[in-house]
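Residue numbers (my numbering), protein chains in the order written: chain A, 21 to 470; chain B, 21 to 470; chain C, 21 to 470; chain D, 21 to 470.
Below, the structure is given as structure tokens:
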């Protein structure tokens with residue numbers, strides 16, 4: 021997953037890009053980068069690490085100019101290299117351009133092969149690089165038309181920002197998989213993955229950029245284009261379940277409230293007879309609250325999170341049981357002793373962490389541990405920008421709920437049903453992508469790009 | 021504030037000290053250090069920074085031996101220097117010793133003057149150094165007797181650990197200001213400021229070390245000494261209110277539960293007519309929950325915390341309003357619009373942060389912002405180990421509740437009463453220190469040590 | 021200036037590349053990089069900094085495989101960025117390739133424009149990138165033929181190494197501007213800019229790669245190609261004067277000996293009546309020795325160099341006179357007092373350093389400071405890989421020797437004549453490039469590539 | 021070995037201390053530190069590393085005030101820890117003091133035992149710490165008298181600087197083992213180990229501080245005290261042979277010139293029939309020059325040094341022969357082939373390096389390798405500040421010249437005789453310490469301080 025941010029025509033463009041990325045840090049902790057334009061040329065800096073580690077005052081000073089785009093990238097195994105960080109900046113026939121992309125192109129591999137057969141060279145492993153090549157090869161006259169020309173050739177998920185010396189383009193794919201919002205900071209247009217980036221810099225939220233919409237931002241203002249045939253939106257429901265920050269407003273909803281409604285729905289579907297309900301920090305809280313309120317079941321913070329976790333952690337040689345989870349989480353024993361508890365988490369991927377958490381609660385004295393998950397079972401990987409493991413590692417792809425319950429050793433296990441999930445977005449249920457729960461992708465996926 | 025940890029006769033002594041300090045990181049983020057004994061000599065490493073930053077695998081390997089003590093220190097203005105980090109290790113006539121201290125000695129300045137007049141030199145600004153001098157100058161024969169001799173001369177707060185080549189001493193001052201707990205890891209004695217350190221390494225909690233108790237730990241086992249005239253305990257009630265981790269058990273209570281009872285009591289004393297009650301992350305949660313349950317007022321997570329805050333943060337030149345608080349906290353606007361809210365926080369010190377938080381809620385659309393504080397007004401500084409600012413900076417030392425309410429611009433403001441606070445520890449209310457709320461110190465304070 | 025190194029089919033390929041680059045560090049201190057092949061794919065690491073700073077044991081371990089090429093790059097103003105470091109590695113239709121290049125292509129700008137007009141994108145500011153594009157666009161079947169096809173299109177200076185999954189190519193341009201030597205390490209072919217790289221790893225020098233020669237190294241051995249029409253060589257005489265290490269053998273000569281002969285020749289042309297002759301450390305020594313021997317004038321180390329110069333140096337606010345030079349050099353006052361001295365340096369570029377050095381000697385008490393330069397006046401910039409400033413900054417481009425003498429305040433100033441320089445390479449004088457002394461370039465320069 | 025620097029009453033005191041230490045870096049590369057006084061209190065910073073690495077502009081800014089002392093320390097095995105770095109700063113009854121010490125106290129162990137028996141604690145392993153204790157315990161009224169009182173109790177080598185809030189004291193032990201020079205920077209007194217520190221900052225050399233002399237520097241000016249009974253000086257001859265920088269003036273001589281005279285004397289005593297004489301970089305040059313001139317034997321720079329050696333160097337797994345030396349040095353093969361050579365080095369300690377160097381010359385083709393050493397054989401360790409290995413590791417302590425010649429595989433080996441050495445300082449020969457060549461220490465050594 022990634023986060024993007026852009027700002028046009030503001031005296032402190034890079035400083036604000038830095039802040040915007042900082043607010044979007046939860047969308048990617050692997051690398052961070054900013055490209056700025058001073059009107060004549062672009063300046064780029066990107067490095068592995070957190071936003072607060074990557075940038076110094078001097079580096080930001082070097083990112084001169086009144087426009088900037090930025091990018092944070094999530095750590096994924098195998099391709100965690102500097103060359104895959106963004107913004108990706110190049111020279112081409114018409115000048116310079118830098119691109120920041122959130123999403124995943126599903127036909128990038130095919131296009132790359134075609135481009136390579138025409139002599140193109142590729143320096144990164146990013147699907148994003150094909151967009152840049154397509155723009156550069158387009159013979160259209162204006163930058164915006166070249167960009168449209170390029171985007172018409174790619175399939176998949178993209179919310180992206182492109183910066184040239186003079187212009188900025190913001191685009192969201194026709195399915196609208198990833199969020200992208202437009203704001204305003206004292207008349208300077210700002211674009212971000214989520215509205216929480218606007219809050220930090222004091223910008224006003226204007227509206228969401230629509231699926232299939234492309235904005236051209238230049239000295240004359242903002243122009244909106246909708247060059248693609250209209251498609252049924254496929255906004256990623258997982259942004260609501262887990263990814264987005266609860267204080268953000270995306271896909272027409274406040275994330276906190278929608279997440280809470282998932283919990284309430286889950287309570288209706290799968291109540292529990294228990295002494296208390298406990299959230300798994302930090303993402304599980306809103307759904308747990310919804311669950312608790314719905315059932316009038318006391319909510320307790322029975323699991324405490326250590327917030328001082330550093331990058332590298334030195335384990336003892338003589339292994340401590342469930343060490344990895346213990347570093348982060350610790351149950352409140354006095355609260356749990358001989359109690360029947362329900363814990364609410366947002367999702368189960370491999371189930372190994374859930375298993376450890378259940379065991380921690382049991383060791384802490386809980387008499388009964390019931391597990392509720394505020395989303396349906398994940399049975400298929402995402403090809404549109406979320407970094408799920410391959411199908412064989414998704415426990416729900418090969419095990420039914422009973423088997424999973426046994427594996428994690430819970431007294432009961434219930435997931436929110438797909439119907440229940442859809443009811444929470446009633447009236448808009450056709451606007452979302454549920455492929456990870458159903459295996460029904462909007463179109464056939466071609467091949468993994470690497 | 022500081023955190024200390026010790027382990028005696030375990031094959032992975034320094035590794036466990038590292039983990040123990042990691043679990044105590046909330047008690048001090050300025051510096052970290054470990055001293056170990058290999059039976060013949062001590063090895064010490066200390067540095068500025070978080071536990072996970074200070075230690076590497078190689079450094080831990082160099083801290084050889086089967087016994088170790090560790091220390092984390094809180095950042096306080098002015099004396100944030102390496103020389104003031106701990107453990108503090110020295111050579112003296114009888115060998116080597118290292119000390120780790122949580123607390124504050126109130127007569128250190130006098131003793132230091134006396135020692136200096138006898139020719140002693142001081143390398144740090146820490147009051148702790150006087151204990152080491154007193155032990156070194158004592159002519160008693162055994163280490164434990166020299167230590168008792170030294171501790172009889174100092175006044176104030178100390179929970180401390182001393183390591184020599186062969187022995188470890190754990191001591192808690194007669195008033196028992198700071199917590200100190202004893203545990204057991206497969207027959208190896210472990211000592212820590214709080215029980216959460218035991219949980220991470222899988223040690224069992226045995227009991228609290230009592231006020232005025234000194235433990236001598238050596239190859240023969242653990243011996244307990246109570247060399248001081250018995251005093252009425254003065255355990256720091258602020259550990260309950262704010263400092264300790266909620267999953268810890270100290271002063272005969274689980275912190276989470278006692279903190280929750282403060283909130284419930286506060287609700288009884290000062291209910292509010294509101295649409296929802298909102299905790300201020302992260303410390304305010306348990307009291308807020310107590311408040312919410314007591315009044316059956318809906319709890320909402322209306323303020324979200326950004327967990328990726330780095331050490332240094334680059335501010336924009338053109339200042340953003342309330343920038344400092346915004347970096348950490350962001351309200352959930354959709355939840356708040358036109359609502360009457362109560363926010364519960366644990367304490368007010370200078371009131372500048374509270375003021376910014378109230379304003380953030382108002383800007384986010386709240387119609388009414390009522391503030392409840394789960395402790396009484398702080399009117400006097402602490403001389404026993406908590407780093408409160410000087411009296412003149414404590415808003416409640418010079419302003420009454422109404423004035424503070426006006427300053428922070430709240431629709432109402434109520435503190436938990438001292439009586440209410442005491443009721444939450446009914447039966448034990450005489451065992452705690454309330455000096456910061458009353459100005460009634462257990463004995464006259466002499467002079468600030470610097 | 022840059023240095024390159026390659027090794028084919030050796031179990032410790034990257035380790036030896038590291039050592040080879042280390043020995044070539046004098047050719048470039050800005051960035052360092054290595055690309056290795058494990059037979060299936062390439063691994064690349066490059067970073068700003070010295071070889072000993074850039075690589076760690078872990079990084080070298082990650083550069084797996086039995087073949088490797090490496091590159092060190094000189095710090096030049098303006099384009100000192102990571103993206104311009106080498107080896108430059110890409111994916112293209114036929115697989116992967118990495119390139120390391122020493123030199124400067126004079127028609128790169130034109131080719132880049134053509135390539136861009138066909139839709140190519142450029143990620144670096146390096147002329148080297150065009151070679152990679154040309155290879156990737158070539159429709160020839162084998163890698164070596166594609167490479168020849170590409171190199172036939174470029175003009176200028178190149179000694180380069182290209183690594184693919186299975187093969188290595190070494191090439192030197194038809195004029196042979198930059199050195200490139202072939203060695204052997206226990207049957208593994210090694211290639212380097214200078215022989216000093218062979219000495220460190222214990223490889224044997226085999227022969228120089230000839231101007232216009234291309235070597236293809238693969239499992240079948242080494243094949244030599246000479247695909248270009250033969251040209252009169254233009255080997256860079258400045259490698260002898262200043263750049264190469266004195267212990268290297270390049271261009272058919274040992275650098276130390278040829279440099280010494282420059283000094284001897286200079287002595288014949290421009291003797292001096294002086295008490296002693298003093299070298300300017302470190303490069304000026306061999307020529308000074310030649311000068312001293314020829315005239316039987318006592319040589320003295322009258323100027324001492326501080327070898328502990330770090331990357332950044334903090335200057336006092338109240339500037340010390342000639343601070344920059346003083347940091348590096350200090351005269352031996354006792355030796356100089358009231359003496360007539362000759363100092364021998366290898367070249368004068370802007371003359372500002374020479375001026376400071378003369379002043380230092382005068383302040384140290386020298387009665388007379390005569391300056392001899394072991395090369396002719398530099399009147400024109402180099403377009404073939406040496407980073408000279410633009411013509412207007414070259415003092416000799418606009419001032420005659422008398423004027424320069426006055427500017428640096430020397431009692432006398434003499435340069436080695438061009439004829440004298442040529443006499444030192446008698447019989448081979450037609451094989452060298454003297455363009456920086458004459459302005460007569462081998463062919464017209466087109467445009468600066470940036 | 022260590023280097024010290026002090027400056028009194030100058031607006032840029034710490035900046036100049038930084039520069040002074042930089043010029044003295046050859047005297048110690050392990051750690052660096054500066055203590056400054058702003059008239060009211062001292063500020064200290066010290067860290068492991070080179071001067072240019074340890075200090076930043078911000079750190080220097082923090083070292084406020086118009087007076088400063090600094091220290092660089094040599095890396096010695098075992099005690100290379102931050103706590104042993106200097107200046108060593110303490111609080112005591114009369115205020116603050118910081119000390120910087122070059123030398124070694126021979127009765128420190130005894131004094132430490134006595135002090136510990138009186139209750140003193142020691143935080144470092146440095147002998148220097150006893151001086152501070154003795155000053156602090158002295159009941160004399162003025163600082164200078166307390167210092168004299170303390171210094172009268174210690175034996176051994178010390179050139180030292182002490183800084184208090186208002187005063188600076190410079191002292192040199194009665195034997196004058198280590199150098200200490202007085203300079204003047206625009207009326208601000210400056211003190212340094214060697215005059216090269218004055219040259220960098222533009223200070224004038226005033227005079228050497230005499231053996232047994234103590235200077236008190238305060239607002240009233242500089243006062244000289246000679247409180248000790250006069251002793252025959254024992255200035256360390258090894259400063260001339262190896263340690264000091266050639267551009268320094270110490271012990272009444274310019275180091276370069278005296279070093280050259282050692283070579284000339286060596287030539288008279290032990291001429292060689294050879295084609296050329298070669299210096300071992302960098303320290304051997306002046307003596308080689310003296311040798312060459314005396315015998316009219318051509319000098320050649322036949323061994324080239326790589327100046328880019330970093331702190332850590334990664335060796336290949338499959339060891340390269342004589343790797344360690346090769347990293348630093350490389351012979352000029354073309355010069356050496358079939359030649360009879362003499363190499364001149366300053367000293368032989370363990371002989372392992374000499375052995376490798378001889379082998380390198382042989383491998384490079386030399387027909388005959390004759391070795392000349394410009395000092396007598398080292399048969400005993402130094403107890404006065406030079407970090408020689410223990411006696412058993414000194415090859416000359418157990419082997420005669422013939423055996424050493426065989427060990428290093430030289431065709432001939434000659435040392436400068438002790439008489440010859442003394443002749444080079446004729447008239448002053450009684451002023452130097454030759455203990456490492458004779459085992460005759462000025463007084464019995466008591467016990468190694470650790």
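Glycine included, each C-beta is placed from N, C-alpha and C at the ideal position.
Does the beta carbon of residue 235(D) fall short of 7 angstroms from some heavy atom of the ligand ZN? Ligands in the displayed structure: none, and consequently the ligand ZN is not present.
Whole angstroms is fine: what's the gap from residue 59(B)'s alpha carbon to residue 85(B)'s? A direct Cα-to-Cα measurement between residue 59(B) and residue 85(B) gives close to 7 angstroms.
With respect to the beta strand (DSSP E) encompassing residue 471(B), which residues constitute its N-terminal and C-terminal limits? Coverage of chain B is limited to positions 21 through 470, which leaves residue 471(B) absent and any answer about it impossible.
Beta-carbon proximity of residue 118(C) to residue 150(C), cut-off 8 angstroms: It is not a contact, given that the beta carbons lie outside the stated cut-off.
Let me confirm a value: residue 158(B) is counted as buried when at least 16 other C-beta atoms fall within 10 Å, else exposed. Which label applies? Here residue 158(B) is buried, its C-beta having at least 16 other C-beta atoms within 10 Å.
Give me, in chain order, the residues of the same chain whose beta-carbon lies closer than 6 angstroms to that of residue 2(A); leave out the 5 immediate sequence neighbours on both sides. With chain A represented from 21 up to 470, any question about residue 2(A) goes unanswered, as that position is not in the structure.
Mind checking which residues open and close the alpha helix (DSSP H) that includes residue 306(C)? Following the DSSP letters along the chain, one finds residue 306(C) inside the alpha helix (DSSP H) bounded by residues 305-315.
Cβ distance (whole Å) where residue 429(D) is taken to contact residue 370(D) below 8 angstroms: Wrong, their Cβ atoms sit about 15 angstroms apart, outside the cutoff.
Which of the three DSSP states is assigned to residue 130(A) in this structure? For residue 130(A), the secondary structure class from DSSP, reduced to helix, strand or coil, is helix.
Below 7 angstroms CB to CB, which residues in the same chain sit around residue 148(D) once its five sequence neighbours on both sides are set aside? Excluding five sequence positions before and after residue 148(D), the CB atoms of its chain that fall closer than 7 angstroms to its own CB belong to 106, 108, 119 and 121, given in chain order.
DSSP beta-bridge partners for residue 419(B)? As DSSP reads the structure, residue 419(B) sits in no beta bridge.
Exposure of residue 199(D), with buried meaning 16 or more beta-carbon neighbours within 10 Å: Under this definition residue 199(D) is a buried residue.
Using the beta-carbon of each residue, which ones in chain D are nearer than 8 angstroms to residue 274(C)? The contacting residues are 352, 353, 354 and 355.
Can you list, in chain order, the residues of the segment 317-336 of chain B whose Cβ is nearer than 9 angstroms to any Cβ on chain A? Listed by position along the chain: 318, 319, 320, 321, 322, 323, 324, 325, 326, 327, 328, 329, 330, 331, 332, 333, 334, 335 and 336.
With a threshold of 8 angstroms between beta-carbons, can residue 454(B) be considered close to chain D, or not? No, residue 454(B) lies away from the interface with chain D (no Cβ there is under 8 angstroms from its Cβ).
Kindly indicate if chain A contains any beta-carbon less than 8 angstroms away from that of residue 152(C). With a threshold of 8 angstroms between beta carbons, residue 152(C) makes contact with chain A.
Strictly below 9 angstroms CB to CB, what residues from chain B border residue 46(A)? Near residue 46(A) (Cβ distances below 9 angstroms), the residues of chain B are 326, 327 and 328.
Residue 191(A) bridges to which residues according to DSSP? For residue 191(A), which the question treats as bridged, DSSP gives the partners 180(A) and 234(A).
Tell me the DSSP bridge mates of residue 269(D)? Its beta-bridge partners are 274(D).
In chain order, what residues of the same chain lie with their CB nearer than 7 angstroms to the CB of residue 386(C), ignoring the 5 residues before and after it? Contacts found: 356, 359 and 361.
Quick one: is residue 406(D) near chain B, going by C-beta distance under 8 angstroms? No, residue 406(D) does not count as interfacial toward chain B.
Are the Cβ atoms of residue 270(A) and residue 230(A) separated by less than 8 angstroms? Taking 8 angstroms as the cut-off, the beta carbon of residue 270(A) is found no closer than this to the beta carbon of residue 230(A).
When burial is assigned at 16 or more other CB atoms within 10 Å of the CB, is residue 77(A) buried or exposed? It is exposed - the Cβ of residue 77(A) has fewer than 16 other Cβ atoms within 10 Å.
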